[in-house]
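To keep things clear, I will list the structure first and then write my remarks on it.
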Amino acid sequence: MNQKTELPITARRLMIPIHLEQLEFRYPRSDFLLKIDQLAIEAGSRVAIVGPSGSGKTTLLNLMAGICSPQQGRIQIGSHAVSTMSDAERRNFRISRIGMVFQQFELVDYLNTEENILLPFAINQSIRLSPEDRQYAESLAVQMGLGDKIRRLPHRLSQGEQQRVAICRALVTRPSLIFADEPTGNLDPKNKTRILDILFGVNREEGQTLIVVTHDTQILDGFERIIDFQDFTVDANPASQPDRPRESQS
Amino acid sequence: MANQTAARFVLALILPALWLTPGCQRSDRNPQDNAAFSQPVRSNLVSAVSYPLYYLTGQLLEGTPVKVDLIAPPAGASDQWTPDQQQIETLQKSDLIIANGPGAPFAKWMVRVSLPESRVVPTTDNFSLEEFIMVKDHRVVHRHGPEGEHSHPFMVSETWLDPAMAKKQAGEIATALASSYPEMGDRFQQNLQQLNGSLDGLTERFEMIPTGSVITATPRLKFLTRAAGLPDTHLLWFDLPEESLWQTGGEQAFLDRVKESGSRCILFDTDPPNWLKERLEQLGYPVHSLDSFSQGGLPAGGADFMQVMENNLQILQDSLSR
Amino acid sequence: MSWTKLVIRYIQFHKLKTVVLVASIFLTTFLPITILILLSEFNEKIISRAQSTPMVIGAEGSPLDLTLHAIYFSSKQPDPIRFATIEEIRQTGWARPVPIYSRYTARQFPIVGTSLDYFQFRNLPLAEGESLSRLGDCVLGSEVARQLQLGPGDRLLSDPENILDLAGHYPLKMLVRGVLEPSSTPDDWGVFVDLKTSWVIEGLGHGHQNLEEETDDLKVEVRSDGTLQATAAVLPYMEITDNNIDSFHFHGETADFPITAVIAVAPDEKNETLLMGHFQVVDNETQLVQPVVVIDELMSLVFQVKKFFDLNAVLIALATLFLLILVLVLSQRLRMREMQTMFKLGCSRGTILRLQFSEIAILFLVSSVLVALAVWGVWLMAGNVVQSLLIGSQG
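As structure tokens, then:
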């Protein structure tokens, strides 16, 4: 955890806080209900969201990323009211401000390392790939120890390398927020440490807000704040559940 | 061609999408014009393959724009002569090719040349078999092809030496001309009547020939002797005997052959060499030379068919009167 | 990197799947279209040829064999008829007869013995050289000249009918006199000779040294009756040249010489009807057929069969289509996570659909282009294929 990863020097990101109020979300044809009365996350903080499977951790991440919309309540990220945005606005906001990291890495199997890193530029016309972006992507790959594996397809990379490619892909658009869903879930201890070091390094160096969903309590040491969903997730009977997550400050 | 190729490529692109049902038709050429083939373009040129046919045709074409050309071996040429390329081209562009019939020695070349068969007019085709004179050539027997052992039969082709036969041939030519040039049909009829008149005059002349028997050097004069009602004994001197062979049995063979005939008059249709002429006369067989037009070409001395025939008859009459 | 590159990368990565799908589409489309084109070409060519051949006269037997022989010089020959038939037709005055005697081949191309009238009848101008002039000349169809690389002045040897038939006819070395312009008809595939030249190949006519001048006892023996007997040592000339053409002659009655068909061209329907009547009433050994009627009957039968083939092709196409849909649906299901990731990263559902559609479209486009190229090739060759099938398959 102490290992520092040097990242390319770029302009510091805009520090964006997150505010959730009276949030209610229900999946269609499901009893599941996520209800959050109020939740604020400071700009530039390192936050871990923990809780048992099915408690709504990933759903919260998806709501904040604009992947899904709440039925009620407000999600404010910086000056943007994500909850009131149209689908297209949410997509554009997500791709320009949020970097996403997933448990299964979710690399595209037919693209090589470089192409996977640059994928956000290929799939959304609201951002254009400039020579600087390409240079930045290359430097990210080099910094992540992938400089000699730039032409390799995912199946020829180790799991740690694949997750590093996924992190590069999350960072390549220079986002202000990084949402990572179980980023170490499929990694061995050594790689877990390395990935967390990278994410924390980014947070430290660039000031990006880092929100990590995890159920792995062993990795919580480096986070500034831990939001525990254990008593927070609401199921079929929301009235019987508390509406604030239990929080602890590390 | 390039356009067609490009068009085909475009069509080939469209075809898979359209899945055309059968019936896509392309047309490379127009269908033949059968009527045009039945009535081909005319050149107003007619060819004849022997001088007598050339003469008869020329008489029939008198006063018309149609020309007649003679394609025949030149004087002195053997019957194995073949026309040159220019003559072949003339023949191929002729509206009609006036021929005698199969086997004419002067027109043997006809089987060696590509002719437009539908324009060949065989003028003896309507003769009955009895009208022809056939001589078996028993000299060479050989075997080739599917017919096995055989020798070459010899058909006498100098039909025009009989004016009645010549008249029939003229009639055939006139019919063919009228078929090819229907607009000149009346003119051909007039010319034919005139020609028939001349030939009838010749027939009358034959009746003045005294009776008697003759010996002919070849069967080529047989139409003449038959028309004159003269029994003849023919020799097969297509190639005249050589002096050395004559002395070693040739003369005896000749005497054996002619002893039955009782005739003392030998008719040649070529000029025999002097030694032969003298020897035959010594033996008591005076030689008389006629012209059978057997070479096919123009007669010597610029005489025409009628004049030559008159001359032949005069010689015949003189020889038999002695 | 653009979304199109993504599509191309996907296709490149899944090469085997792409090849299998493209091949399935290609084969399902190409084969029926090829049959369609060949049949269409066959139909068009054979009907056009039949239409341009008003009447054919030949030996009694199969009208189809006679027609195909007369218009395509097919190697299955009808029995020969006498050359006298030509004169018989000519005598009626109802039609112009054009003889065909096609029995032999030269380097596998049919040797067509005919008269000069044939070139006029078929409207076949010369591309180079001259027309037939003399015995031993031949004029080549454009395709024969192209394939054998022959031109005016070259020589072409006729094929022996049977290499073991030592006593049979001798091959004749023909002189190429000219080459016909391409006509997209069977005439492009013919070696045309004068009818008399084909009779020389048959052995009915020949040239050899003058036996009376021959002094070699091995070649000529004098019989007791004084006649000359040619021995087997006297070989006929195998090539007709300026030096030996004068010795060429025929034996027997030309009227009895063989021909395999006569094309009769009447100036009008009335004469045509008269000639048809003549051959229906007069002759039991020959028949007169109208190629259009014969070929119409053939093609109606062919198209009856084609209906079953069409049904079969439609069923195969449907089965292939269902399989393609299944493969594509399964493929999309396998890619669900990939699409989900793209969506989470900020890709619109429209773009995702566009990616998927483009992949399918490219498969179909590639297949279509391949089919188009193959069809184009088939189309270019269809004439030759049909021609060679018609000329050769009858054998």
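Those sequence lines, one after another, are chains E, G and Z.
First residue of the first sequence: 1, per the working numbering; consecutive thereafter.
First residue of the second sequence: 1001, per the working numbering; consecutive thereafter.
First residue of the third sequence: 2001, per the working numbering; consecutive thereafter.
Yeah, the Cβ is synthetic: ideal placement off N, Cα and C, and Gly gets one too.
Residue i versus residue j - alpha carbon distance
i: Val2385/Z; j: Leu2039/Z; result: 11 Å
i: Cys2347/Z; j: Met2339/Z; result: 9 Å
i: Arg1205/G; j: Gly1302/G; result: 22 Å
i: Asn1044/G; j: Pro2267/Z; result: 21 Å
i: Ile2295/Z; j: Pro2063/Z; result: 10 Å
i: Pro2032/Z; j: Ile2316/Z; result: 10 Å
i: Trp2189/Z; j: Ala2261/Z; result: 18 Å
i: Phe2109/Z; j: Val2144/Z; result: 7 Å
i: Gln1247/G; j: Thr1225/G; result: 30 Å
i: Asn952/G; j: Val2289/Z; result: Absent from the model: residue 952/G. The displayed extent of chain G is 1001 to 1322, so no value can be given.
i: Val2327/Z; j: Ile2011/Z; result: 14 Å
i: Thr2254/Z; j: Asp2246/Z; result: 18 Å
i: Arg91/E; j: Arg2337/Z; result: 18 Å
i: Leu1290/G; j: Ile1315/G; result: 7 Å
i: Gly2377/Z; j: Ser2184/Z; result: 16 Å
i: Leu1298/G; j: Gly1101/G; result: 19 Å
i: Asp1028/G; j: Asp2187/Z; result: Note that Asp1028/G scores 36 on pLDDT, short of 50, meaning its location in the model is unreliable; the coordinates nonetheless yield the value given after this. Each residue's alpha carbon lies about 14 Å from the other.
i: Val1156/G; j: Phe1223/G; result: 8 Å
i: Pro131/E; j: Glu138/E; result: 11 Å
i: Lys57/E; j: Glu106/E; result: 19 Å
i: Gly1145/G; j: Asp2242/Z; result: Residue placement at Gly1145/G cannot be trusted, given a pLDDT of 48 that sits under 50; the coordinates are not used to answer.
i: Ile227/E; j: Leu199/E; result: 18 Å
i: His2249/Z; j: Leu2124/Z; result: 29 Å
Candidates the options, of which the one nearest residue i by Cα
i: Pro28/E; options: Phe229/E, Gln71/E, Thr184/E; result: Gln71/E
i: Gln135/E; options: Leu196/E, Ser86/E, Arg174/E; result: Arg174/E
i: Leu1192/G; options: Leu1060/G, Tyr1055/G, Ser1319/G, Val1049/G; result: Leu1060/G
i: Thr1082/G; options: Glu1089/G, Thr1090/G, Pro1073/G; result: Pro1073/G
i: Ala2264/Z; options: Gly2093/Z, Asp2079/Z, Asn2284/Z; result: Gly2093/Z
i: Asp1069/G; options: Tyr1051/G, Lys1108/G, Ser1294/G; result: Tyr1051/G
i: Gln1190/G; options: Ala1170/G, Leu1202/G, Gly1201/G, Thr1203/G; result: Ala1170/G
i: Thr2197/Z; options: Ser2367/Z, Thr2286/Z, Val2139/Z, Phe2042/Z; result: Val2139/Z
i: Asp1271/G; options: Trp1237/G, Leu1245/G, Leu1298/G, Met1134/G; result: Trp1237/G
i: Leu2274/Z; options: Glu2181/Z, Phe2357/Z, Gln2091/Z, Ala2374/Z; result: Gln2091/Z
i: Leu2027/Z; options: Leu2172/Z, Gln2387/Z, Leu2373/Z, Gly2383/Z; result: Leu2373/Z
i: Ile117/E; options: Gln104/E, Ile127/E, Phe102/E, Ala141/E; result: Ala141/E
i: Gln76/E; options: Phe102/E, Arg164/E, Met85/E, Ile18/E; result: Ile18/E
i: Gly1132/G; options: Val1049/G, Val1046/G, Gly1185/G, Ala1164/G; result: Looking at the sequence shown, residue 1132/G is not Gly but Phe. For the residues Val1049/G, Val1046/G, Gly1185/G, Ala1164/G, the minimum Cα distance to Phe1132/G belongs to Ala1164/G.
i: Ala2127/Z; options: Leu2172/Z, Ala2106/Z, Ile2325/Z, Gly2151/Z; result: Gly2151/Z
i: Ala1048/G; options: Pro1182/G, Ala1104/G, Val1041/G; result: Ala1104/G
i: Gly2058/Z; options: Leu2066/Z, Ser2052/Z, Gln2051/Z; result: Leu2066/Z
i: Phe1106/G; options: Met1184/G, Glu1158/G, Pro1122/G; result: Glu1158/G
Along the stretch 1243–1277 of chain G, what residues have a CB closer than 7 Å to any CB found in chain Z?
Hits within the stretch: zero.
Runs of alpha helix (DSSP H) lying entirely within the stretch 44–108 of chain E, each at least 4 residues, in chain order
Taken in chain order, the complete alpha helix (DSSP H) segments of 4 residues or longer contained in the stretch 44–108 of chain E are 57–65, 87–97.
Examine the Cβ distances between the stretch 1110–1122 of chain G and the stretch 2134–2142 of chain Z and report whether three or more of them are shorter than 8 Å.
Yes, since at least three Cβ pairs between the stretch 1110–1122 of chain G and the stretch 2134–2142 of chain Z fall closer than 8 Å, the two stretches touch.
When the Cβ atoms of the stretch 1261–1271 of chain G are set against those of the stretch 1283–1294 of chain G, are three or more pairs found closer than 8 Å?
Below 8 Å, enough C-beta pairs join the stretch 1261–1271 of chain G and the stretch 1283–1294 of chain G to call them touching: three or more.
Using 8 Å as the cut-off, can you tell me whether the stretch 1310–1321 of chain G makes contact with the stretch 1116–1126 of chain G, which would need three or more C-beta pairs spanning the two stretches below that distance?
Judged by Cβ distances under 8 Å, the stretch 1310–1321 of chain G makes no contact with the stretch 1116–1126 of chain G, as fewer than three pairs qualify.
Between the stretch 206–217 of chain E and the stretch 172–182 of chain E, are three or more C-beta pairs nearer than 8 Å?
The answer is yes - the stretch 172–182 of chain E touches the stretch 206–217 of chain E, with three or more Cβ pairs under 8 Å.
Would you list, in chain order, the members of the stretch 2248–2259 of chain Z that have their beta-carbon closer than 8 Å to a beta-carbon of chain G?
Flagged, chain order: Phe2248, His2249, Phe2250, His2251, Gly2252, Glu2253, Thr2254.
Length-filtered (3 minimum) beta strand (DSSP E) runs lying within the stretch 174–201 of chain E:
Taking only runs of at least 3 residues, the beta strand (DSSP E) segments lying wholly in the stretch 174–201 of chain E are 177–181.
Chain G contacts made by the stretch 2085–2107 of chain Z, where a contact means CB separation under 9 Å:
Answer set for the stretch 2085–2107 of chain Z: Ile2086, Glu2087, Arg2090, Gln2091, Gly2093, Ala2095, Arg2096, Pro2097, Val2098, Pro2099.
Could you name each continuous alpha helix (DSSP H) segment of 4 residues or more that falls completely within the stretch 2310–2382 of chain Z, going from the start of the chain to the end?
Note on the stretch 2310–2382 of chain Z: whole alpha helix (DSSP H) runs with a minimum of 4 residues are 2336–2345, in chain order.
Evaluate the contact criterion for the stretch 2173–2188 of chain Z versus the stretch 2141–2161 of chain Z: three or more CB pairs, one atom per stretch, below 8 Å.
With a cut-off of 8 Å, the stretch 2141–2161 of chain Z and the stretch 2173–2188 of chain Z count as touching, because enough Cβ pairs lie within range.
For the stretch 2130–2164 of chain Z, list every residue whose C-beta sits within 9 Å of some C-beta in chain G, in sequence order.
Sequence-ordered contacts of the stretch 2130–2164 of chain Z with chain G read Glu2130, Ser2131, Leu2132, Ser2133, Arg2134, Leu2135, Gly2136, Asp2137 [C-beta pairs closer than 9 Å].
Three or more C-beta pairs below 8 Å linking the stretch 187–205 of chain E and the stretch 149–161 of chain E:
In this structure the stretch 187–205 of chain E lies against the stretch 149–161 of chain E, because at least three pairs of beta carbons, one per stretch, are closer than 8 Å.
Residue ranges of each alpha helix (DSSP H) within the stretch 1055–1116 of chain G, 4 or longer:
As far as the stretch 1055–1116 of chain G is concerned, its whole alpha helix (DSSP H) runs of at least 4 residues are 1085–1093.
Starting from the N-terminal side, write out each stretch of the alpha helix (DSSP H) that is 4 residues or longer and does not extend beyond the stretch 1190–1264 of chain G.
If we require 4 residues or more, the alpha helix (DSSP H) runs fully inside the stretch 1190–1264 of chain G come out as 1222–1227, 1251–1258.
Are the stretch 2007–2023 of chain Z and the stretch 2358–2372 of chain Z touching, with three or more C-beta to C-beta distances below 8 Å?
With a cut-off of 8 Å, the stretch 2358–2372 of chain Z and the stretch 2007–2023 of chain Z count as touching, because enough Cβ pairs lie within range.
What residues from the stretch 2112–2125 of chain Z come within 8 Å of chain G, judged by C-beta to C-beta, listed N to C?
Taking 8 Å as the cut-off between beta carbons, the residues of the stretch 2112–2125 of chain Z near chain G are Ser2115, Leu2116, Asp2117, Gln2120, Phe2121, Arg2122, Asn2123, in sequence order.
Does the structure place the stretch 96–113 of chain E close enough to the stretch 24–42 of chain E that three or more beta carbon pairs sit under 8 Å?
Between the stretch 24–42 of chain E and the stretch 96–113 of chain E, the count of Cβ pairs shorter than 8 Å is below three; the stretches do not touch.
If we count Cβ pairs, one from each stretch, closer than 8 Å, do we get three or more for the stretch 2303–2321 of chain Z versus the stretch 2068–2081 of chain Z?
In short, these stretches do not touch, since the Cβ pair count stays below three.
In the stretch 134–151 of chain E, which residues sit with their C-beta less than 8 Å from some C-beta in chain Z, listed in chain order?
Cβ proximity to chain Z below 8 Å picks out nothing from the stretch 134–151 of chain E.
Below 8 Å between beta carbons is the criterion; list the residues of the stretch 2258–2284 of chain Z that meet it against any residue of chain G, in chain order.
The residues in question are Val2265, Ala2266, Pro2267, Asp2268.
At 4 residues or longer, and completely inside the stretch 142–173 of chain E: list those alpha helix (DSSP H) runs for me, N to C.
Scanning the stretch 142–173 of chain E from its first residue to its last, the whole alpha helix (DSSP H) runs of 4-plus residues come out as 159–171.
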